[in-house]
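Q: Encoded as C-alpha cells, here's the structure I'll be asking about.
In this note's numbering, the protein residues as written are 699 to 1011.
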C-alpha cells in the first residue's frame, strides 16, 4: 500500500496495546474456563491449553470487544463472547493441522497439537474447545438477557458450521482434488472468493456481529460492521496467502510454500502477487469507508484493517 494511505505511528501503537490487552484477557478467560470445565485428566486440559494459550494475534476476540465498544458495551462484558469465538477458531486450527487435513507440524512457532501430543488427543482437544465455546455462551455472564445469549449461540453456530467455516473447508479440500482421486480444480476468482468467505471470513464476520448483538445495534450499525468485516475477512485471507508465497517459516510461525504444492485455490495464484496486493489495498480502503459513520470511535477497528494487510505472521 502507498505510504500516504497508512495510519500514523501513534495509532499503530494504540492498536498494539489494545491487541495485547485483549489477548491477555482472553487467554486468562479461556484458561479459567478450561479449568472450570472439569474432565477426566490433565492431558486433555493440557492439550487444550496448548492449542489456545500459545500466543496468536487474537484478532477475532479483538473485533468482538471493539465492535461492542462502538455501542457502549464495556470491555469486560464482551469477553465471554470473544473467548467463545477464540475457542472455535483454535479448535479449527487443531483439526486443520491434522494429517488428514493440512498435515502441519508447526503452529505459532510451536509443534502442532497432534505433534506435541498425538492425533487422538488432538481430535479430542479440538472437540473440547468446540463444545466449551457454547458452554461459555450459555452462561449468564455472557449476557444477562437470555435472548441475546441465544442470538450469540445461533450466530456462532452458523459461522462455524456447514454454511460457514466447515463448509468452506470442505470446498477447499474439494478444490485440491482430494476426493475420488481428482486433480486440483481451476476455480474462477468468484468461486475462490466464496470459498474463502466461508472458510476464513465467516468467523471474522461473526466477531463483528457478536459485538453488534451485545450492543443491540440498529440495522444501519449492523450493516456497516458487516461490510467492514466482509472486507477485512477477504483481506486477511489474501495476506495469509501472500505470506505462504513470500514469507519465511521462522517469521510466519508455520510452514510456508504449502498452498501451491497442495494445489490450493487462492487469489494470489489467480491474480498474481501484484494483483493480489492491489486487491488487498482496495479491501482495506473499503473496510475504512464502511466505518466512516462511526467517526473516531472506530479508529482502532480501522487500524486493525491496515494491520491485517501488513502482517508478517
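We put the beta carbon where it would ideally sit given N, CA and C, even for glycine. Computed from a predicted model, the values in this text were never measured in an experiment.
What does the alpha-carbon distance come out to for the pair residue 900 and residue 708?
A: 31 Å
Q: In whole angstroms, what is the alpha-carbon distance linking residue 993 and residue 983?
A: 15 Å
Q: Can you tell me which of the three DSSP states residue 885 falls into?
A: coil
Q: Could you tell me how far apart the beta carbons of residue 1003 and residue 978 are, in whole angstroms, since I believe they sit closer than 8 Å?
A: For residue 1003 against residue 978, the beta-carbon gap comes to about 10 Å, at or over 8 Å, which does not count as contact.
Q: Could you name the residues that DSSP lists as bridge partners for residue 805?
A: 808
Q: Would the beta-carbon of residue 785 fall within 9 Å of that of residue 728?
A: yes
Q: Does the beta-carbon distance from residue 768 to residue 911 come in below 9 Å?
A: no
Q: Straight-line CA distance for residue 737 to residue 981?
A: Near 44 Å, if we compare the C-alpha coordinates of residue 981 and residue 737.
Q: Within 10 angstroms of its Cβ, does residue 859 collect 16 or more other Cβ (buried), or is it exposed?
A: exposed
Q: So what does DSSP say about residue 799, is it helix, strand or coil?
A: coil
Q: Could you check what DSSP says for residue 901 in three-state terms: helix, strand or coil?
A: helix
Q: Hey, could you find the ends of the alpha helix (DSSP H) residue 842 is sitting in?
A: Neither: residue 842 is in no alpha helix (DSSP H) and is coded neither H nor E.
Q: Find the nearest neighbour of residue 898 within the set 874, 879, 932 and 878, judged by alpha-carbon distance.
A: 932
Q: State the start and end residues of the unbroken alpha helix (DSSP H) segment that holds residue 926.
A: From DSSP, the alpha helix (DSSP H) with residue 926 extends over 917-944.
Q: So residue 778 is in the alpha helix (DSSP H); what residue range does that whole segment cover?
A: 773-794
Q: Would you mind listing the alpha helix (DSSP H) stretches within the segment 703-756 that are 4+ residues and don't spill past its ends, in chain order?
A: Correct list: 707-734 and 740-750.
Q: Please state the DSSP three-state secondary structure of residue 816.
A: coil
Q: Please state the DSSP three-state secondary structure of residue 769.
A: coil
Q: Output needed for residue 827: all residues of its chain with C-beta closer than 8 Å, excluding positions within five of it in sequence on either side, in chain order.
A: 746, 749, 750, 785, 786, 788, 789 and 792
Q: Compare the Cα-Cα distances from residue 817 to each of 794, 717, 888 and 884 and report the closest residue.
A: 794
Q: Note down the Cα distance separating residue 835 from residue 797, rounded to an integer number of angstroms.
A: So the two alpha carbons sit approximately 31 Å from each other.
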